[in-house]
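Participant: Got a structure for you, written out below as structure tokens; questions coming shortly.
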Amino acid sequence: MPRLIVRHPDGSSRAFSLVKRITAVGSAPDNDVPIPLPGVPESALHLEIDGAEIRLTGHRGTDYTLNGKKKAQGRLSDRDVISLGGASLTLELVEPSPEPAAADLGEFQLLRSLVSVAEQVTGRGDVQAMLEAILDAAIELTRADKGFVILPEGDRLVVRVARNIDSTIDLEDAERGVSDSIVRKAVEARRPILVHDALHDEEFSRSESVVNLKLCSVVCSPLLEKGDLIGLLYLGNDRIAHRFEDRSLELLSVFAAQASLLVRNALLANELRLESAQLKRQLDEAQYGDLIGACPGMREIYRRIDKVAATDISVLVGGETGTGKEMLAREIHRRSSRAKGPFVAINCGAIPENLLESELFGHVRGAFTGAVATRQGRFQAANGGTLFLDEVGDMPMSLQVKILRALQERTVIKVGDARPEAVDIRVVAATHRVLEEEVKAGRFREDLYYRLNVIKLVVPPLRERGDDVLILARWLMRRFSEGMKTPARGFSKAANDAMRRYGWPGNVRELENRLKKAMVLSDRALLGPEDLELSNETLDPVVPLIEAKAAFQRDYINRVLERNGGNRTKTAKDLGVDARTIFRHLERLEAEREGRAPPPADEGELDD
């Protein structure tokens, strides 16, 4: 085995065995051969074992001589002496061993490389260090002169790590050292590409990047995970054609397959750490008690809750099914002076009419068949706290009168009894119906409507909440994962895009159900759109701009009308349009409900 005998000016000496293919010499302590003397650069020169040859290359700015003569580089022989900064370095060749054949030691070398990389990166969580370790191992495995790790970033491929033993090549602009055509071929083929002599290769010799770089041997292997490209290993030699053998390609293919797992796991772990930190920041900004959301509509709700929570006035919560109206009611209760009292909820649309009165007001023993004992109702149970009447719009007319009397007089009478009982409650009601229309249709009492609708809060549907859907999805995933044995820890970019585009007719409830199912059935760390069953068919279709504009204007007028309690004049003033525009809008809605042809819209109706 060759070795280098270093003799210092003070007479001390030390022998260094040349066990590596490339031996670095310099004053820095991390060199293979450290020479801490004045005038010796931190990185002075290196010795490269290339087969049976040992070549010397000096780095820029290094003042040294080889056998008394100044040389930039040269082939070394036995007993050659290098003078550097007052020290002498003597090469001793002890029967240089021939390079082992790849067929003999290839598998062992490959296994050793993989184990070495795994040991270096396990538990470190440093993506850059892991990429560097993989590239160093690949260069040693294939005996390449240079190498690059290339990762996709958006629509681009970017060099993340570069290695080169030739100090005359500037690696600050590393991407110039890579052949675009060879990389493109590897990406398209999804398999390793071996080019023995790029300058004379029939396919690549006309490539501008090959000609400019004067490439000789190149091997480029994609890093894949289930067919998806996560990066590339690019290795080359610009001086020797046919540097890589087919055996090298086989070894690199196996190495790349295992390295892909390391890269994917490291990138995933890094992505999840960043996503967790991002989610924490977003939740700090978007969380209001148990409510999650940062869109303007939700921020307006938070502002109004702050104002009404401390009072005892009735609140009507509107919004589509599944938007979280009960959570909003609980938040009002939690922030009120009644927070230590009970919060009692009843779904007025889920209980049969003949049982609803008993559920609300209670009953005495013998009041009806099956009433074997006196029982309190929800009004009495909520005494001192908050009563939440969910889906109050589905309440039968016969009970609406009794609810109104209870709210006005703050007393209730059990079924089968004649004695009134005082109750101290705050009522929050919710409905997915437009109660103004129910009042007009005679299905809901107007006096009860005004009793409930002192303050109205309308929860926006999930499709109108922008990026809130992503914040909610990540928050729900974190909450569900605590009770599930699932590898799912995040969402792919495609899944995020699909969640943004989907209309979510079932709102937050639908998001919860789809996410639970995906987390139970998926075996991937990052859920894709197919896991959430969000295919192109389920996404909202793209409609002409004029139709989208008309639909938005119609929905927006309806929301403002609802916010203003049906006041047409105030709605017109808020929207900055003539009051006739709102009247014509309502006429068209009425015509659509009755199946009549709507009146024509005036040109520029909403631009007045």
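The sequence shown begins at 23 in the working numbering and counts up by one. In this text, a Cβ means the ideal position worked out from N, Cα and C, and glycines have one as well. Keep in mind it's a predicted model, so treat the numbers as computed, not measured.
(1) Should residue 180 be labelled buried (16 or more other beta-carbon atoms within 10 Å of its own) or exposed?
(2) In whole angstroms, give me the CA-to-CA distance for residue 74 and residue 510.
(3) Helix or strand or just coil, what does DSSP make of residue 77?
(4) Can you give the Cα-Cα distance for residue 176 and residue 254, rounded to whole angstroms?
(5) The beta strand (DSSP E) that contains residue 29, what's its start and end?
(6) Spatial neighbours of residue 640 within its chain, please: CB distance less than 6 Å, with the 5 preceding and 5 following residues excluded, ordered by chain position.
(7) Label residue 579 either buried or exposed according to how many other C-beta atoms from any shown protein chain fall within 10 Å of its C-beta, with 16 as the threshold for buried.
(8) Any chance the region 467–474 sits against the region 482–492, with 3 or more Cβ pairs inside 8 Å?
(9) If you follow the beta strand (DSSP E) that residue 67 is part of, which residue opens it and which one closes it?
(10) Where do the ends of the alpha helix (DSSP H) carrying residue 96 lie?
(11) Using the Cα positions of residue 78 and residue 24, report the straight-line distance between them to the nearest angstrom.
(12) Who pairs with residue 366 in a beta bridge, going by DSSP?
(13) Assuming residue 178 contacts residue 171 under a Cβ cut-off of 8 Å, what Cβ separation, rounded to an integer in Å, is found between them?
(14) Could you tell me how far apart the beta carbons of residue 604 and residue 594 are, in whole angstroms, since I believe they sit closer than 8 Å?
(15) Taking Cβ positions, are residue 487 and residue 438 nearer each other than 9 Å?
(16) Measure the Cβ-Cβ separation of residue 423 and residue 336 and say whether it is below 9 Å.
(17) Could you check the C-alpha separation between residue 398 and residue 443 for me, to the nearest Å?
(18) Do the CB positions of residue 478 and residue 363 come within less than 9 Å of each other?
(19) Have a look at residue 154 and residue 161 and give me their C-alpha separation to the nearest angstrom.
(20) Can you give me the Cβ contacts of residue 342 inside the same chain, cut-off strictly under 7 Å, excluding the 5 residues immediately before and after it?
(21) Please list, in chain order, all residues of the same chain as residue 98 whose beta carbon is under 6 Å from its beta carbon, the five residues on each side excluded.
(22) Given a threshold of 16 other Cβ atoms within 10 Å of its Cβ, counted over all protein chains shown, does residue 41 qualify as buried or as exposed?
(23) Which residues mark the beginning and the end of the alpha helix (DSSP H) in which residue 101 is found?
(24) Three or more C-beta pairs closer than 8 Å, one from the region 84–91 and one from the region 52–70: is that the case here?
(25) For residue 100, which residues in the same chain have their Cβ closer than 7 Å to its Cβ, ignoring the five residues on either side in sequence?
(26) Please report the residue range of the alpha helix (DSSP H) in which residue 518 lies.
(27) Who are the near neighbours of residue 460 in its chain, counting only those whose CB is closer than 7 Å to its CB and skipping five residues on each side?
(28) Around the Cβ of residue 57, are there at least 16 other Cβ atoms within 10 angstroms (buried) or fewer (exposed)?
(29) Please determine if the region 544–556 and the region 510–529 are in contact, where contact requires at least 3 C-beta pairs separated by less than 8 Å.
(30) Which residue or residues does DSSP assign as beta-bridge partners of residue 315?
(31) Can you tell me which of 370, 525, 378, 408 puts its alpha carbon nearest to the alpha carbon of residue 357?
(32) On the three-state DSSP scale, how would you describe residue 386?
(33) Roughly how many whole angstroms lie between the Cα atoms of residue 278 and residue 219?
(34) Which class does residue 164 belong to by DSSP, given the choice of helix, strand or coil?
(35) Just mark residue 463 as buried or exposed, buried being the case when its beta carbon has 16 or more other beta carbons within 10 Å.
(36) With a 10 Å radius around its C-beta and 16 neighbouring C-beta atoms as the bar for buried, classify residue 39 as buried or exposed.
Facilitator: If we stick to the structure as given:
(1) That one is exposed.
(2) C-alpha separation (whole angstroms): 52 Å.
(3) In this structure, residue 77 counts as strand in the three-state DSSP scheme.
(4) Take the alpha-carbon of residue 176 and the one of residue 254: they are about 15 Å apart.
(5) It spans 25–29 - the beta strand (DSSP E) in which residue 29 sits, taken as one unbroken run.
(6) Since the first and last residues shown for the chain are 23 and 630, residue 640 lies out of range.
(7) Around the C-beta of residue 579, 16 or more other C-beta atoms lie within 10 Å, and the residue is accordingly described as buried.
(8) No: the two stretches stay apart, fewer than three of their Cβ pairs being nearer than 8 Å.
(9) Counting along the chain, the beta strand (DSSP E) containing residue 67 begins and ends at 67–72.
(10) Counting along the chain, residue 96 falls outside any alpha helix (DSSP H), though it belongs to the beta strand (DSSP E) covering 95–97.
(11) Straight-line spacing of the CA atoms in residue 78 and residue 24 works out to 14 Å.
(12) Looking at the DSSP output, residue 366 bridges to 409.
(13) In this structure residue 178 is not in contact with residue 171, their Cβ atoms being roughly 15 Å apart against a cut-off of 8 Å.
(14) Sure, about 5 Å apart at Cβ, within 8 Å.
(15) No. Outside cutoff.
(16) Cβ atoms of residue 423 and residue 336: not closer than 9 Å.
(17) For residue 398 and residue 443, the distance between alpha carbons rounds to 11 Å.
(18) Their beta carbons are not under 9 Å apart, which means residue 478 does not touch residue 363 by this criterion.
(19) Inter-residue distance for residue 154 and residue 161 is about 11 Å (C-alpha atoms, whole angstroms).
(20) The answer, listed in chain order, is 454, 483, 529.
(21) Only 76, 78, 113 meet the Cβ criterion.
(22) The residue is exposed, with fewer than 16 neighbouring Cβ atoms inside 10 Å.
(23) Per DSSP, residue 101 belongs to no alpha helix (DSSP H) and is neither H nor E.
(24) In this structure the region 84–91 lies against the region 52–70, because at least three pairs of beta carbons, one per stretch, are closer than 8 Å.
(25) Taken in chain order, the residues that qualify are 113, 114, 115.
(26) For residue 518, the uninterrupted alpha helix (DSSP H) segment begins and ends at 515–523.
(27) Cβ neighbours of residue 460 within its own chain (closer than 7 Å, five residues either side excluded): 415, 466.
(28) By the neighbour-count rule (16 or more Cβ atoms within 10 Å), residue 57 is buried.
(29) Counting Cβ pairs under 8 Å, three or more are found: they touch.
(30) Residue 315 pairs with nothing; no bridge assigned.
(31) Taking each of 370, 525, 378, 408 in turn and checking the Cα distance to residue 357, the smallest one comes out for 408.
(32) In this structure, residue 386 counts as coil in the three-state DSSP scheme.
(33) Spanning the two alpha carbons is a distance of roughly 22 Å.
(34) Note: residue 164 maps to helix in three-state DSSP.
(35) Under this definition residue 463 is an exposed residue.
(36) Under this definition residue 39 is an exposed residue.
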